[in-house]
Amino acid sequence: MQNKFEKKALKRQKKFQNILLRECGINHSKLTTKHLMVGNAGLATRLQEDHLLKACLIYGPVDQIVMLPGKTYCFVTFHDESGANCAYEALHNKINPMSNDPKTLYLLYTERVPVLKSSLTYDWKPPGLILLEDFVTEQEEESLLKCVDWSHTEHKLGQSLKLRKVKHFGYEFHYDINNVHKDSPLTQNIPEECSILLPRLKERNCNVMSFPPDQLTVNQYQPGQGIPSHVDTHSAFEDPILSLSLGTPVVMEFKYQEGQNVPVYLPQRSLLVMSGESRYLWSHGISPRKTDIVPTPCGTLAVHNRGIRTSFTFRRVRRGECNCNYYDQCDSYQRNKTLSGRNSESDKIAAELEAHHVLQVYEEIADHFSDTRHKPWPNVLSFVQSLPPGALLVDVGCGNGKYFGHNSAIYEVGCDSSFGLAQVCRERGFQVFNCNCLALPLRSGIADGCISIAVIHHLATKERRSRALREIVRTLRFGGKALIYVWAKDQERHKNKSAYLKQDRKNRRAEVLEGFQNNNQPSCARELWVADNMVLCTMGAMFERSVCDDPYLCGWKREREILPGIDFTFQGQHFFVGNRQEKV
């Protein structure tokens, strides 16, 4: 006959049976299974996962723990039914031994446990995440730990944060702005002991970093310390980011905005490579606690007591802005989006100018342009012929394709905004497509070589020219090369005339008309350019203008004789002064 305590326990069990079915859609089991529901023990009762695991491991190996947010119950999956049965007999209808809360635990056998995106599992990692175990030897680990002198705490050498000690090499990471001052490197370079990084990556067939890192952050964590979840600033560092764990293992948690929480166990002396989505989209952090739940070799879970952990995080400082596709987390995109909103009217005007004075011009002169553009420029030809067999060459603004067909061992693809010039290329058997150089419809990192010859100076603003350069760089793979030509104002160097000035074609005569003003120009031209300063120039002439921050109007003629004001097509160009192209 049941006593009052057994009746109360049965009543509470039925209550949790109803909760199990109503909230989780799971039936309880009258037979012994390896799955247990533990009532009056959950996140809502402030039960910690590691405390639950430690209590359950007494009765047998544990495969999984599931704790639902805001619930007063949780689930434990043992490795076999005998472990679950021992836990049931020891914990059911007993005072909770895992906390100071004197509540009674009520256990149920269940058919299964809920499946959560955030449930503890080590079987899956975020895309782009690579873990290389035993990356350094014990001797190398000892050498690396000794090369960091924590006795110095001066600014730019080391500092003690709330949850850890940190030391920077190469560049200091400023936590107040979440970035580095790229023009202010530290005097203390990355220690020589770290030079094993790239050769070791090559030995492990992990070719993720073509250039050596130039920034190192060393963090030291005491038991109970951690680091808040974060995404490394996109504009600060290149892809990938490498983290070497020394001293003791730890669990790092990766989180995604849709609620996914993925724990990644980092063994001692392992290297974590964060690239692609795992670097740009997923946040990562370490919870400030003294124990971790870690996987065992047999696939079960165990509680690990943390020791002193030292991490070496290797990064390469990014030069320029980030051009990734993970816009929600990208500070460069958000900043450019804000600026583009402010400059949208100016950008609209610039686009109208380019459409009228560049695209329309090339459509009208496509045949004539192609007829007079056959001979490749020597330096460009040399660049194309230097590409190795199997390389992919992209020609941005390919015109009539005069740089194609000179290296039969490579793949070639071109693009141009002019339909007329693209048609010329197609008739010559080349692979081309139409697009704007500000938005190349190509995957990132596919090109071994990229050329853009006499194209970018057609863009009306510095922002648009910079955007075009970023697009070209985006298409290049690691180690890829780009060759870019723009028109320069100064056509003489060391008293030697350029090939441009040496041209003496019968159908071209040098002529510069200062103070040109065309009343038929659209209002957008008068807004962006100073009309009184517009210059009409023809081929073969020195560009006689003291300031070249604004575009020129270059005249194209179809007749042999130049007749001012008759049969001209005006083309907008920007001419670079000195080394200004390097500042774009």
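The sequence shown lines up with residues 1 to 584 when you count with the UniProt record's numbering.
We treat Cβ as the ideally placed atom computed from N, Cα and C, and that holds for glycine.
CA-to-CA distance, residue j to residue i, given in whole angstroms
i, j, result
"A447", "G226", "41 angstroms"
"P297", "C415", "54 angstroms"
"A525", "A460", "Note that A525 scores 31 on pLDDT, short of 50, meaning its location in the model is unreliable; the coordinates nonetheless yield the value given after this. If I take the Cα positions, the gap works out to 10 angstroms."
"L157", "H181", "Below a pLDDT of 50, predicted positions are generally treated as unreliable, and L157, at 48, falls in that range; the measurement from the model is reported next regardless. About 15 angstroms."
"R426", "Q385", "22 angstroms"
"S275", "Y333", "18 angstroms"
"N323", "F78", "47 angstroms"
"L198", "R315", "12 angstroms"
"residue 654", "N436", "There is simply no residue 654 to check, as the chain begins at 1 and stops at 584 in what is shown."
"E321", "V486", "22 angstroms"
"S29", "P127", "38 angstroms"
"M209", "R22", "51 angstroms"
"H35", "R279", "36 angstroms"
"M98", "E81", "22 angstroms"
"Y326", "E277", "8 angstroms"
"A90", "D331", "54 angstroms"
"E238", "F16", "51 angstroms"
"L473", "L272", "The residue you asked about is not Leu; residue 473 is Val in the sequence shown. For V473 and L272, the distance between alpha carbons rounds to 27 angstroms."
"A531", "I349", "Below a pLDDT of 50, predicted positions are generally treated as unreliable, and A531, at 33, falls in that range; no measurement from the model is reported."
"P223", "D292", "10 angstroms"
"E354", "V317", "35 angstroms"
"W124", "V262", "8 angstroms"
"L421", "N379", "23 angstroms"
"P213", "Q257", "29 angstroms"
"I410", "R443", "18 angstroms"
Residue i, enclosing beta strand (DSSP E) - first and last residue
i, result
"R309", "309 to 315"
"P228", "227 to 230"
"K255", "250 to 255"
"residue 587", "This structure cannot settle anything about residue 587, because the visible part of the chain is limited to 1 through 584."
"V38", "35 to 39"
"S82", "Run containing S82: none in the beta strand (DSSP E); it sits in the alpha helix (DSSP H), 81 to 91."
Paired residues, beta bridge with residue i - DSSP
i, result
"Q260", "Per DSSP, none; premise fails for Q260."
"H168", "T217"
"A447", "L476"
"N305", "T291"
"H174", "N179"
"L272", "L131, S243"
"S452", "I484"
"Y326", "BP columns for Y326 are empty, so no partner."
"K348", "In DSSP, K348 forms no bridge with anything."
"T296", "The partner list for T296 (beta bridge, DSSP) is empty, contrary to what the question assumes."
Collapsed DSSP secondary structure at residue i in the structure displayed
i, result
"F433", "strand"
"V358", "helix"
"V396", "strand"
"N189", "coil"
"I410", "coil"
"T104", "strand"
"A236", "coil"
"H51", "helix"
"I196", "helix"
"D416", "strand"
"residue 609", "Outside the modelled stretch of the chain, which goes from 1 to 584, sits residue 609, for which no answer is possible."
"Y280", "helix"
"residue 595", "Beyond the ends of the chain as shown, which are 1 and 584, falls residue 595; an answer cannot be given."
"L353", "helix"
"L57", "coil"
"L421", "helix"
"Y109", "strand"
Boundaries of the alpha helix (DSSP H) in which residue i is found, first to last residue
i, result
"I65", "Looking at the DSSP string, I65 is not in any alpha helix (DSSP H); the run it does join, the beta strand (DSSP E), is 62 to 67."
"S382", "378 to 385"
"I19", "4 to 24"
"S184", "Segment: none, S184 is in no alpha helix (DSSP H) and carries neither H nor E."
"Q139", "138 to 146"
The ligand FMN heavy atom lying under 6 angstroms from the CB of residue i
i, result
"F237", "This structure lacks the ligand FMN; in fact it carries no ligand of any kind."
- Query: Does the pairing of the stretch 285 to 304 with the stretch 49 to 64 give three or more beta-carbon distances under 8 angstroms?
  - Reply: Short answer: they touch.
- Message: Would you call the stretch 81 to 95 in contact with the stretch 236 to 252, where contact means no fewer than 3 C-beta pairs closer than 8 angstroms?
- Response: No, they do not touch.
- Message: Whether or not the stretch 247 to 254 and the stretch 309 to 317 are in contact is what I'm after, with contact meaning three or more pairs of Cβ atoms, one per stretch, closer than 8 angstroms; do they touch?
- Response: Touching, yes.
- Task: Evaluate contact between the stretch 61 to 71 and the stretch 132 to 144, counting only Cβ atoms and requiring at least three cross-stretch pairs below 8 angstroms.
- Result: With a cut-off of 8 angstroms, the stretch 132 to 144 and the stretch 61 to 71 do not count as touching, because too few Cβ pairs lie within range.
- Message: Under 8 angstroms: do the stretch 416 to 432 and the stretch 394 to 404 share three or more Cβ pairs, one atom per stretch?
- Response: Judged by Cβ distances under 8 angstroms, the stretch 416 to 432 makes contact with the stretch 394 to 404, as three or more pairs qualify.
- Item | Any 3 or more C-beta pairs closer than 8 angstroms across the stretch 277 to 286 and the stretch 228 to 235 | Judged by Cβ distances under 8 angstroms, the stretch 277 to 286 makes contact with the stretch 228 to 235, as three or more pairs qualify.
- Using 8 angstroms as the threshold, is the stretch 288 to 296 in touch with the stretch 194 to 212, meaning 3 or more CB pairs across them? Under the three-pair Cβ rule at 8 angstroms, the stretch 288 to 296 does not count as touching the stretch 194 to 212.
- Query: Do the stretch 129 to 138 and the stretch 39 to 54 touch if we need at least three Cβ pairs shorter than 8 angstroms?
  - Reply: With a cut-off of 8 angstroms, the stretch 39 to 54 and the stretch 129 to 138 do not count as touching, because too few Cβ pairs lie within range.
- Message: I'd like to know if the stretch 73 to 90 and the stretch 103 to 115 are in contact, where contact means that at least 3 CB-CB pairs between them fall below 8 angstroms.
- Response: Touching, yes, given that three or more Cβ pairs across the two stretches are closer than 8 angstroms.
- Message: Tell me whether the stretch 451 to 465 and the stretch 391 to 399 touch, counting them as touching only if at least three CB pairs, one residue from each stretch, are closer than 8 angstroms.
- Response: Contact between the stretch 451 to 465 and the stretch 391 to 399 is present, because at least three Cβ pairs lie under 8 angstroms.
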